[in-house]
Each structure stands twice: as structure tokens, then as C-alpha cells.
Amino acid sequence: MPQPQQEWTPTRYAHNGDVRVAFDQLNGSEGEPLLLIMGLAVARFWWPAGLCRAFADAGFAVARYDQRDAGESTRMPDTATTNPFKALFGKRGDAYTSEDMTDDAIAVMDELGWERAHVFGHSLGGAIAQRIALRHPHRVLSVTSSAALPSDTSGPGVLRYLRFGLLAKLARTKFPEGREGEIEAALAVWRGVASPGYPFDEAAARAWVEADVDSGPRDTKAQSRQIGAQWHGPRLKELRSPALVLHGEQDPILRVGAGRATARAIAGARLVTYPGVGHDLPAALWTDIAHQVGDLAARQSRPDSAGVSGGPPGE
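In full-length UniProt numbering, the protein residues as written are 1 to 315.
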């Protein structure tokens, strides 16, 4: 649904070398710092406003940012690889590394004055959240990875988790140039990733997309640069931050096995899978997701309870 601009502070910028990273904060949110990281080449506006408010109600100070090559952050120069599939399996990153992407998040935290924060990433943002916790463990209170691959999976190893049907369909679909094309491309992504077990509100999705038009869903060059950024850091099994892994059981892009593998690799991680959920964050689950993240934050303050598992039906 549309997100009134007054809900968020004016856009600010952090700097990681020559890269400007756009971010804002949810007005009126106070408490434990929570940094939100969205997925492949799309802007921070893709975070549902209702979920962000649920995080605030759960006691978090909420901030979100645009990764490099997305939204209002710096767009990097074109590289030789402009096909996301080739970039994913090529195991080479011409533009920057995944370490650079994690450092962008730390630059945002520095600008916010946050010494440490909980990090929540969705899709590609989930892998980046894992990597932030691995590269900067002293800056992370807890990590939530949603609808994401294990952070140390790359190249052909991705094949065991990837579903190609929707991705191939979107790659074949042509959209008109200009603003209307951006809107139609975003709506196609929304329809494709929507949860089959929950109603899809076409009118609300269109209103949301039209309020914040984003070129990310059709910018294959930016997608290729982001997805091609290689990770050279620690293995996922070395992650020691309290961790929560969320995954939809009907995810049309990543099999639920990706979430299970992520949780298995992290000592003490809590896994919650949701029946009927796709590659999105449906409104009916916003309160529960905020509760799960709030519970994780509480566990972080009680080291003796680390490793407790379990969850609602569907786990």
C-alpha cells in the first residue's frame, strides 16, 4: 500500500568511499536499533509500511537503506556482464565485492550513531545480513534472514535451491519504456512472488508501486552487479550472532531447503517456515514476524537461552 512520506524522515546519506548510501528512519520508532536490508536491486520502499510499524510497536527503532545499485544510492559503472544469470553462475564480480556491500550497511549505522544493531534482510538482503554478522560481528546484535540463500553458497551451488520458472518468465516478459514500464515490471514481480495462501490485493499493490516507482525490477545491469559481487569472508558456520531464519514454504524463487540449510549452518539458529507463503512478506504475518524478531532480540540479551528452537505451526 502507499507509504506516506511523513512516516519516514527525509532521505539522508552515508558514505563508504565514493559510494553514497541512501537511508531513512521510521518517525516515532524508538528502542533497539533495527536495520532493514531489501533484496536484489530494489529500493528500500519495497519494505511494507505495515511491517515497519509492527517492528516499531515491538520496540524497535527502525531504519532502512538502499543498497548500492538500488534506489537513491550510488549506481555503479556498467560491467561486461549484464545478464543476472551469467553473473550469478560466473563466480566473478567486476564491479565490487560482497564485503563492500556489507560495509555500506556499517556506514549507515555509523551515520545513525548506532554502535550495534539488529539486522533483518529479505531475499538478497538476507544473505547480506548474514555476511554483515560474519564480517562485523561486534556491530550486530542479532540477524534475521528471510527468503534467502545461505551466505556462502555461490556459483553452481545455487542450483540446488533455485526455482527457475518465475525467473525465466520475468526475464522473457517485455515492458514498455518509461514510467509505465517501470510500474508494470514492478507489478509483475509483485504478482509472481505473492503468497498463494494469502489474498493478493492488486489495487493496493498498484497504488504502492505508483507511489514509489522503482526501476530495480527491470534494471538487469544493476542486478548483475549486485548478484555477481563475490564473498570472500568467513563461512556461515562461523556466524555466532543470535539468528532467526524465515522462509515461505511456497517460495517460487528459492526452495524452502535454502532456509533449512541456512539454519543448519548457524549454531542455535531458530527456523520458522510459513505454509502458503511465497517470496514476499504478506500482511497477515506482519505481527508474527515482528514478534519473532522481538523474541530474538530478547534472547540476545539472555545469552544463557541461546540455541532455543521451536516456533509456530509450519516450522
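We put the CB at the ideal spot given by N, CA and C, even for glycine.
For Glu32, the pairing in a beta bridge is given by DSSP as Phe60.
Between the region 38-56 and the region 130-145 there are fewer than three C-beta pairs closer than 8 Å, too few to call the two in contact. In the structure shown, the three-state DSSP call for Asp288 is helix. Shown here, Val42 sits in coil according to DSSP, grouped into three states, outside any helix or strand. Nearest in C-alpha terms to Arg270, of all of Ser142, Ala204, Asp219 and Gly197, is Ser142.
Per DSSP, the unbroken alpha helix (DSSP H) holding Ala204 starts and ends at Glu202 to Ala211. If you draw a straight line from the Cα of Pro242 to the Cα of Glu177, it is about 45 Å long.
At the C-beta level, Asp214 and Gly31 stay beyond 8 Å of one another. DSSP places Val140 inside the beta strand (DSSP E), whose first and last residues are Val140 to Ser146.
Nearest Cα to Arg131 within the set Gly113, Ser146, Ser151 and Val140: Ser151.
Per DSSP, the unbroken beta strand (DSSP E) holding Gln25 starts and ends at Val19 to Gln25.
In the three-state reduction of the DSSP assignment, Phe120 falls in the strand class, which pools E and B. Taken atom to atom, the span from the alpha-carbon of Leu40 to that of Ser123 is near 7 Å.
Annotation: the continuous alpha helix (DSSP H) that includes Leu88 extends over Pro84 to Gly90. One thing to note: Val256 has its Cβ no nearer than 8 Å to the Cβ of Phe120. Cβ-Cβ distances below 7 Å link Thr102 to Ile128, Arg131, Ile132, Arg135 and His136 in the same chain, with the five nearest sequence neighbours on each side left out; the list follows chain order. Nearest Cα to Asp212 within the set Thr287, Ala186 and Arg218: Ala186. Nearest Cα to Phe89 within the set Arg68, Val158 and Asp69: Val158. Lys237 has its alpha-carbon roughly 28 Å from the corresponding atom of Asn16. For Ala14, the enclosing beta strand (DSSP E) starts and ends at Arg12 to Asn16.
Listed as beta-bridge partners of Ala243 by DSSP are Val143. When DSSP states are grouped into helix, strand and coil, Thr102 belongs to the helix group. Annotation for Leu162: no beta strand (DSSP E) segment contains it, and DSSP assigns it neither H nor E.
Residue range Arg270 to Tyr274 is occupied by the beta strand (DSSP E) that includes Arg270, with no alpha helix (DSSP H) assigned at that position. Under the three-state reduction of DSSP, Trp190 is assigned to helix. For the 8 Å CB-CB criterion, Ala222 and Arg64 do not form a contact. Proximity to Ser154 across Pro275, Phe85, Ala14 and Arg240 peaks at Phe85, based on C-alpha coordinates. Shown here for Asp219: same chain residues with a beta carbon closer than 7 Å to its own, the five before and five after excluded, namely Ala41 in chain order.
The three-state secondary structure of Leu254, taken from DSSP, is strand.
Assignment of beta-bridge partners to Ile37 by DSSP yields Tyr65 and Gly121. Put simply, the backbone Cα of Ala258 is about 7 Å away from that of Ala148. Apart from the 5 residues on each side of it in sequence, Gly248 sits with its Cβ closer than 6 Å to the Cβ of Tyr274, Val277 and Gly278 in its chain, given in chain order.
About 31 Å separates the beta carbon of Thr82 from that of Ser195, a gap too long to meet the 8 Å contact definition.
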